[in-house]
Each structure stands twice: as structure tokens, then as C-alpha cells.
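Some notes on the structure that comes next.
There are 2 protein chains.
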Amino acid sequence: MDDAKLPTVGVLGGTGPQGRGLGLRLALAGYEVVLGSRSPERAGDAARGLCAEHGVDGALLTGGGNHEAAARDIVIVAVPFDGVRPLLEPLGDMLAGSIVISCVNRMGFDREGPYPIPVAEGSATELIAELAPAARVFGAFHNVPAGRLTRDLGPLDMDVLVTGDDIHPDVRHLVESVEGVRAVPAGPLRLSRPLEELTAVIIAVNRHYKVTSGVRLTGLPDSA
Amino acid sequence: MDDAKLPTVGVLGGTGPQGRGLGLRLALAGYEVVLGSRSPERAGDAARGLCAEHGVDGALLTGGGNHEAAARDIVIVAVPFDGVRPLLEPLGDMLAGSIVISCVNRMGFDREGPYPIPVAEGSATELIAELAPAARVFGAFHNVPAGRLTRDLGPLDMDVLVTGDDIHPDVRHLVESVEGVRAVPAGPLRLSRPLEELTAVIIAVNRHYKVTSGVRLTGLPDSA
């Protein structure tokens, strides 16, 4: 794909750890990214901070309001679960025809560690698909630790399992623009729940070993 | 661990594909295994068939009734989900003090492929823990494809994520006696659901690529 024709990217919840990390990685890969936030000022600060810290071209990573982020070709939803409905109910129609990628996980933490919280719609990804019915919705990046995206810019050595009917070439390209990541089609949206909930398992493993682990599938063809 | 002191193993639902496959692998690793079934005759036939086909010592892999399998040191539950309650309600008390390993997944299949079916107790593993309250219950082997256990006896190249409080050394030894498998402690039993439901994702990926894939976690210490 010619970089000049890369789709533009908006990140809803772009000032959170996952949003900032994905925005940074995608800008480093040449995407023009706007981090969206309720506070455009805070989003601008976050973008300028990442650019300064990691030597990113300030034209590729900017901040703005969530409406501005939602107007991009590809919209990544990286808000906490409780923010999904209030954010997308007013924005849903704007997303008609857009590619929307959910990396939302609904999780709780207590003395025994992280645990998944069930979502009435099946998964956060399916909730987003309900709220943006004319968008092309995919689930991805659930298990990619936010901290790992900004702490060390080396390759990640993990797969991103993507749910949604027929992984869109633009989604595959975006996912694989993060160095060291392979996009693996993981079935229809209804299979999002296990992948969202798996995040709690990954965090439990990370706490046990004091590492940042990722998921790889073995046995796939080399061309996968 | 001295092989002479290996705990004995029983497999409930030992004539199903997962039960037969695990029984075979464990007998090949030196465990004395009894495949349990409602029909001891069928279990005996399954055991003799596996021994003849794969050159296993007939003393290490035998068949018997489910009661006989439930009397072993380590009991693997490999029945279909709908069989768990009818099987374990009468057997639960027998399992007091035993190690019980659940590899049960509750899944459905339709035109769109495999999908997880929610379990009221959270997961099949937690249901088993309720039915055998004095057993030490673990979840494991959920994502290991049954066919792969018997079709090709080479090493598996996959991790087995084990749920349960503090993975028991006997459980780790048993899991890792399957060549190519690393046991990874994956948190308390309440994290079993994502791992059980992940099986539907693995099967969807396998169908897409026409392969038999497995899960590996990257980024763990070499000693894991």
C-alpha cells in the first residue's frame, strides 16, 4: 500500500494508555493520527508530548475532540468500557461506512487480581456494533499491553487476533504496521468475548512472572 | 520426579477424542492411566486399540468404569459439558482430596462456525469445583486439539494455561509430560471462562487456515 494513500486514523479515548500507545505506534508507521478526547486541549498536550518524546513528526500525531477523531477513515475505540455508550450514542451515525476497531475490555480488579466483567451484548465489540450499526466493526488489540506500546518501541512478538466478518485489508495493514505483530482472523464478532476476557488472564500471567507477555498462535502457515 | 512414584491417572469420559488423546499421551509419558466410561467394555476396547496402534505397554493404559477412573490420584474430566453434572453429582464425594483437571468446553456449532455457550457457574471448571467441593480442581488442556494428540505423536509446540490456586507440582508435571507443552499458571479458577471460550476462537482459526494451531505466550522468562 502506498503510504501516501494510507487511511487516516482517529482514536476515541486517545489520551488513555492504550489510545496513546496505539496512536504513537501508528504515527511511527506513517499513519496520520488524531488522538480524540472530551478535552481537545488534553489531547493536544498528549500528542505533543508523544511527538517530543519519541521523535514523531508533529503533523502525523495531533490531538482534537472526539468528533474530530470520529470523522477519520478508521476509528479506534479505546475508551474504558463505561465510556462506550455515552460516547457512541451521539457519534454512532457519524461512523456509518467507517471502519471501527474496538480494543475495549471490561475488567475489574480485586485482591485476587483481574477478572472479566460480563457484557450484556456479549462483548464490548458487539455493543459498539449495536451503537454504530452502519460501521464496519472489528475487534483487535485487546491483549496488547498498553504500557508495552510506549515503553520500548522495539518489535512486539505477538499476534493480534481480529474478530469481524472477513478481516478488511485496511485493518490488516493497520494492525501489522505495528512492528512484530501478525494479524490473525479470529472469526465473527460473536467470538470477541473470549478475546476481550482473555486480557484478564494475560494480566494475571504478567503479574505472576512480572513480565509483559503476548499471545502467539503456533501452527499457522508462514503466509498467515 | 521418580517415574515409579508417578501419581495414577483416571480419565472420566475416557473414550471421547480428548480423553483418548490425553490418556495416550500420558501413558506414553509413563503414567498408569485408566480410561473411564459408562461402559467399561467400550473403555477397554478403546485402551486396547490405542495400545496396539501406538505401541503402548498394555499395563499403562487400561479401560474401566467411571468409578474406577474416579478412584485414581489425578482425575481428568473430559466428558461433554452436558455430561458433567450427571457424572459428577454421584461421584463428587469420591473425589475429596484428589486432584481434578477439567478440560471441558461448552461449545455450539452453527453455519457461522463454533461459538461458546455461557455456563451459569461461570465456567465448566467452576461447575466441576462446585460438584466436587473437596477436590483440588484445576482447568487445563482446553485449547489442545484432541485430534492433534493422537494423529501425530510429535511435540505439540503449545502452552497449556492452567487455572486454579497455585498450580500443583503434580499438575505441572502431568501437563508438561506431554512433549512440547509448557504449563503456564493462568490465575484462579474464575479465569477459566476465557480459556474455555477461547477454544471456539482456536477452532475458527483452524478452520480458516485448515491447520491445527495452538497458543503460546511470548515474553515469559526462560524458566517458565
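Read top to bottom, the protein sequences are chains A and B.
The working numbering puts the first sequence at residues 290 to 513.
The working numbering puts the second sequence at residues 290 to 513.
Idealized CB from N, CA, C, for every residue including glycine.
Query                                                                                                                                                                                            : Result
Give the straight-line distance between the Cα atoms of residue 353 of chain A and residue 333 of chain A, rounded to the nearest whole angstrom.                                                : 6 Å
Is it true that the region 444–454 of chain B meets the region 464–472 of chain B, where meeting means three or more beta-carbon pairs spaced less than 8 Å apart?                               : yes
Take residue 537 of chain A as the anchor and find which of A:421, A:386, A:344 and A:411 has the nearest alpha-carbon.                                                                          : Absent from the model: residue 537 of chain A. The displayed extent of chain A is 290 to 513, so no value can be given.
Specify, as a first and last residue, the run of the alpha helix (DSSP H) that residue 507 of chain A falls within.                                                                              : Note, residue 507 of chain A: premise wrong, no alpha helix (DSSP H); beta strand (DSSP E) at 503–507.
For the region 404–451 of chain B, list the beta strand (DSSP E) runs that are entirely contained and at least 3 residues long, ordered along the chain.                                         : 425–428 and 447–451
Could one say the Cβ of residue 290 of chain A lies closer than 9 Å to chain B's Cβ atoms, at least one of them?                                                                                 : Because residue 290 of chain A sits at a pLDDT of 49, beneath the cut-off of 50, its placement in the model cannot be relied upon, and the point is left open.
Report the residue from B:429, B:416, B:376 and B:478 whose alpha carbon sits nearest the alpha carbon of residue 459 of chain B.                                                                : B:429
If you run the structure through DSSP and keep just helix, strand and coil, what is residue 481 of chain B?                                                                                      : helix
Give the residues of chain B in contact with residue 458 of chain A, contact being defined as C-beta atoms less than 9 Å apart.                                                                  : Chain B residues near residue 458 of chain A: none, gap ~16 Å exceeds 9 Å.
Which residues in chain A sit within 8 Å of residue 487 of chain B, going by Cβ to Cβ distance?                                                                                                  : 483, 484 and 487
Return no unless some Cβ of chain A is closer than 9 Å to the Cβ of residue 461 of chain B.                                                                                                      : no
If you scan the region 363–410 of chain A from start to end, which runs of the alpha helix (DSSP H) of 4 or more residues do you find wholly inside it?                                          : 370–380
Are any of the Cβ atoms in chain B nearer than 9 Å to that of residue 390 of chain A?                                                                                                            : no
Hey, out of B:425, B:456 and B:362, whose CA is closest to residue 300 of chain B's CA?                                                                                                          : B:362
Determine, using beta carbons only, whether residue 500 of chain A comes closer than 9 Å to chain B.                                                                                             : yes
For a contact meaning CB atoms closer than 7 Å, what does residue 497 of chain A contact in chain B?                                                                                             : 474
Just to confirm, is the Cβ distance from residue 434 of chain A to residue 489 of chain A under 9 Å?                                                                                             : no
What residues are listed by DSSP as bridge partners for residue 326 of chain B?                                                                                                                  : B:354
Label residue 326 of chain B either buried or exposed according to how many other C-beta atoms from any shown protein chain fall within 10 Å of its C-beta, with 16 as the threshold for buried. : buried
Can you give the Cα-Cα distance for residue 438 of chain A and residue 396 of chain B, rounded to whole angstroms?                                                                               : 34 Å
Check the Cβ of residue 446 of chain B against every Cβ in chain A and list those closer than 8 Å, keeping chain order.                                                                          : 507 and 508
Using three-state DSSP, classify residue 299 of chain A as helix, strand or coil.                                                                                                                : strand
With DSSP collapsed to three states, give me the class of residue 314 of chain B.                                                                                                                : helix
Counting only beta-carbon separations shorter than 9 Å, does residue 422 of chain B have a partner in chain A?                                                                                   : no
Between A:512, A:383, A:305 and A:426, which lies nearest to residue 455 of chain A when the distance is taken from Cα to Cα?                                                                    : A:426
Starting from residue 401 of chain B, find everything on chain A with Cβ-Cβ shorter than 7 Å and list it in chain order.                                                                         : 477
Return the first residue and the last residue of the alpha helix (DSSP H) that residue 464 of chain B is part of.                                                                                : 458–465
Would you check if the distance between the CB atom of residue 493 of chain B and the CB atom of residue 480 of chain A is smaller than 9 Å?                                                     : yes
Considering only residues of the same chain and omitting the five flanking positions on each side of residue 457 of chain B, which have a CB-CB separation below 8 Å?                            : 388, 425 and 427
For a cutoff of 9 Å on Cβ pairs, would you count residue 320 of chain B as touching chain A?                                                                                                     : no
Could you please tell me which residues of the region 315–348 of chain A, in chain order, have their CB closer than 8 Å to any CB of chain B?                                                    : none
Could you list which residues in chain A have their beta carbon closer than 7 Å to that of residue 450 of chain B, in chain order?                                                               : 490
Give a yes or no on whether the minimum CB-CB distance between residue 503 of chain B and chain A is below 9 Å.                                                                                  : yes
Chain A partners of residue 369 of chain B, CB-CB under 7 Å?                                                                                                                                     : Under the 7 Å cutoff, chain A gives no residues; its nearest Cβ is about 19 Å from residue 369 of chain B.
From residue 511 of chain A to residue 491 of chain B, what does the alpha carbon distance come to, in whole angstroms?                                                                          : 17 Å
Is the number of C-beta pairs between the region 331–347 of chain B and the region 299–313 of chain B that are closer than 8 Å three or more?                                                    : yes
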